[in-house]
Amino acid sequence: MGRPLFYIFNNFEMKFCKKSLKIRGNCAVETFLKVREDRSFLFESKDISHIYGRLSLIGVDPVLEIRGKDNKYSIEVLNERGEQYLEGMELEGTIEKEEGSFEEGERTKRKNISQVIRKFLNKNKIEEREFIGLYGAFSYDFIRLFEDLPNLLPENGVEDFRLQLFDTFVFFDHLKEVKEVIAYRDGEHLAEVACKDIVRKIEKTELKHGEYKISDAKFDMEKDEYMKMVDGARELAREGELFEIVYSNTLNGGFDGDPFALYEKYADVNPSPYLFFFDFGNEQLVGASPEMMVRCEHGDVHLRPISGTAKRGDDPVEDHENMMKLLNSDKERSELDMLIDLGRNDLSRICEPGVEISDYRFVEKYSKVMHTVAHVSGKLREGYTAFDSLIACLNAGTLTGAPKVAAMEHIEKNEKTRRGYYGGTIGYLTLSGEMDTGIIIRTAHIKNGALSFRVGATLLYDSDPASEYQETLDKAKAFLTLFS
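Heads up: the sequence shown begins at 0 in numbering that gives the first Met the number 0, then just goes up one per residue.
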């Protein structure tokens with residue numbers, strides 16, 4: 000296969016800037032409403048701190064999809080453009096998980112169905128930094144391909160990974176007020192035709208906002224039941240089984256209408272670094288995640304663990320008081336310190352010596368809560384890829400606890416249902432070797448007329464059960480305003 004060509008329709012860029020790029024914050028949403036299809040996505044980033052982006056990205060018309068669960072994978076060709084990427088690859092297959100124990104640095108190489116992703120990326124690798132690549136999600140249970148965890152909870156129909164190859168985008172740089180249509184095709188003429196088709200949709204399609212209804216929404220654990228689980232976590236910490244653990248509670252309800260209408264309102268009330276709407280065709284993810292999972296750019300790997308939560312105040316004075324309580328809390332400091340240690344250990348598996356810590360206990364403020372964060376970064380060692388860095392950091396300590404494997408074992412024993420996408424990862428792996436992923440939290444999963452939304456709290460030996468339950472409600476507060 001020849002390398003796909005890159006084409007930017009510059010006339011559209013100038014024309015559209017003159018028309019509507021001054022409507023900052025809404026242009027990506029309005030454009031998506033006009034170009035969206037059954038399979039498409041919108042990634043946005045609303046600035047919370049300097050580390051986060053000013054960019055938005057729309058993907059439409061994917062060419063193929065790679066899916067996997069347990070020991071089986073499949074590749075579905077979605078249009079004629081997908082065939083050229085699959086020479087020498089089987090469209091479906093079985094890869095048994097390799098048995099045995101592994102050193103930390105070798106875990107990422109464990110034989111399992113994730114090898115189909117690695118093979119696809121290696122086969123279609125390009126040198127230039129471009130957008131074309133695999134976009135989608137890894138569920139919480141993706142970790143089972145690399146760790147041996149108990150299977151105590153019933154399956155929920157969520158796959159370990161679901162990734163789509165996109166080659167057609169609309170890209171926004173809100174700071175520069177630049178908007179570009181980008182298509183990757185076999186020839187310049189085909190790329191130009193593809194770009195013009197997107198332009199035509201934007202210029203001719205009438206803007207229509209959808210509606211939705213959420214019904215019979217209820218958490219699967221009442222306050223007393225969650226508080227009992229907190230007591231159990233405190234006992235585990237006292238006994239030395241765990242340093243901390245994250246137990247979650249799930250809001251379930253019926254959903255009717257347009258899932259993107261839910262995203263529009265959610266993004267407005269809860270601006271976040273990792274805003275996303277991903278439509279896989281038969282299921283959707285609607286998220287406003289505050290937390291990076293792993294980012295890999297130019298061989299530099301980044302984590303940004305979040306832990307420590309306080310409610311936003313009703314006025315600037317109360318807001319400042321709540322922030323100072325957060326910063327002066329030994330418990331909240333301990334939560335973050337443990338996650339920094341986890342992150343440093345994870346990166347040391349695949350990075351050169353000298354993992355660095357910065358932005359220690361930086362306070363990020365969201366619509367209903369504030370968090371303390373830190374930044375952990377390192378340089379990828381030779382022989383490892385961006386995909387290795389993702390696997391090395393699974394699952395995020397902010398969603399499991401510490402030690403991670405022990406925490407995940409107790410989560411399986413004490414929660415009511417499999418986590419599905421909650422605590423998993425959403426983002427992209429480009430053919431040029433770059434990666435950016437966010438943790439799937441503050442996220443609604445919609446499928447077959449049902450909606451689920453999960454929230455959790457980090458529990459330590461000195462956790463107060465009532466306060467921890469209230470923290471889960473505070474984290475869900477922005478979402479609950481969408482239908483209360």
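By construction, the Cβ of each residue, glycine as well, lies at the ideal position given by its N, Cα and C atoms. All values derive from a computational prediction rather than experimental measurement.
Bridge partners of residue i, per DSSP?
i    : result
Q163 : E64 and Y134
M434 : C295 and L428
G253 : S214 and A449
E75  : E64
E243 : A401
D278 : S39 and Q283
V300 : C295 and G377
G455 : S247
I305 : V372
Quick check on DSSP: helix, strand or coil for residue i?
i    : result
I142 : helix
K217 : strand
D172 : strand
C350 : strand
I57  : strand
N269 : coil
K264 : helix
S113 : coil
T480 : coil
D340 : helix
K310 : strand
I390 : helix
A385 : helix
F5   : Reliability of the predicted coordinates at F5 is poor, the pLDDT of 45 falling under 50, and the value obtained from them is presented with this limitation in mind. Strand.
A475 : helix
I22  : The pLDDT assigned to I22 is 29, lower than 50, so where the model puts this residue is not dependable, and the model offers no usable value.
E127 : coil
Tell me the residue span of the alpha helix (DSSP H) that contains residue i.
i    : result
R360 : First-last for R360: E355 to K364, but that is the beta strand (DSSP E), not the alpha helix (DSSP H).
E223 : The sequence shown places Asp at residue 223, not Glu. Segment K222 to R237, the alpha helix (DSSP H) holding D223.
M407 : K403 to N413
V192 : E187 to K203
K33  : C26 to V34
H208 : Run containing H208: none; DSSP gives neither H nor E here.
D318 : P315 to L326
Alpha carbon to alpha carbon, how far is residue j from residue i? Give it in angstroms, no decimals.
i    : j    : result
R228 : A406 : Correcting the residue identity first, residue 228 is Met in this sequence and not Arg. Cα to Cα, M228 sits roughly 13 Å from A406.
N155 : T30  : 34 Å
R161 : T429 : 15 Å
S247 : E467 : 11 Å
K310 : Y383 : 40 Å
F386 : R117 : 8 Å
K18  : L32  : Low confidence applies here, because K18 scores a pLDDT of 21, under 50, leaving its location unreliable and the question unanswered by this model.
D473 : L250 : 13 Å
I425 : G231 : 31 Å
K364 : N281 : 34 Å
K222 : P464 : 9 Å
N447 : S328 : 43 Å
G396 : A193 : 42 Å
R66  : Y72  : 6 Å
Y139 : A266 : 23 Å
P304 : L335 : 7 Å
L20  : K124 : Because L20 carries a pLDDT of 24, less than 50, the predicted location of this residue cannot be relied on, and the following value inherits that uncertainty. Cα to Cα, L20 sits roughly 33 Å from K124.
L174 : L54  : 8 Å
L90  : R453 : 34 Å
I213 : L481 : 9 Å
G400 : I438 : 14 Å
G209 : K476 : 23 Å
P270 : E95  : 41 Å
I339 : E105 : 22 Å
Since residue i and residue j are thought to touch, with beta carbons under 8 Å apart, how far apart are those beta carbons, to the nearest angstrom?
i    : j    : result
F145 : Y211 : Not confirmed; about 37 Å, so no contact.
R348 : V375 : Going by Cβ atoms, the distance from R348 to V375 rounds to 13 Å, so no, they are not a contact pair.
M322 : M292 : So it is not a contact: roughly 25 Å between Cβ atoms.
F520 : G58  : Outside the shown range of the chain (0 to 483) lies residue 520, about which nothing can therefore be said.
F171 : K178 : 5 Å
H444 : I244 : Incorrect: roughly 23 Å between the Cβ atoms, too far for contact.
P289 : P272 : 6 Å
T436 : L284 : Actually they are not in contact, since the Cβ atoms of T436 and L284 sit about 13 Å apart, beyond 8 Å.
G252 : D278 : So it is not a contact: roughly 19 Å between Cβ atoms.
L459 : A236 : 6 Å
Counting along the chain, where does the beta strand (DSSP E) carrying residue i start and finish?
i    : result
Q283 : E282 to S288
L41  : S39 to E43
E485 : As shown, the chain starts at 0 and ends at 483. That puts residue 485 outside it, with no answer to give.
I440 : First-last for I440: undefined, no H or E at that position.
R417 : Taken as a continuous stretch (DSSP letters only), R417 belongs to no beta strand (DSSP E), as it is neither H nor E.
V368 : V368 to K378
E179 : V177 to R184
Cβ of residue i versus every heavy atom of the ligand ZN: is any distance shorter than 8 Å?
i    : result
M337 : For the ligand ZN, the structure offers nothing, since it holds no ligand at all.
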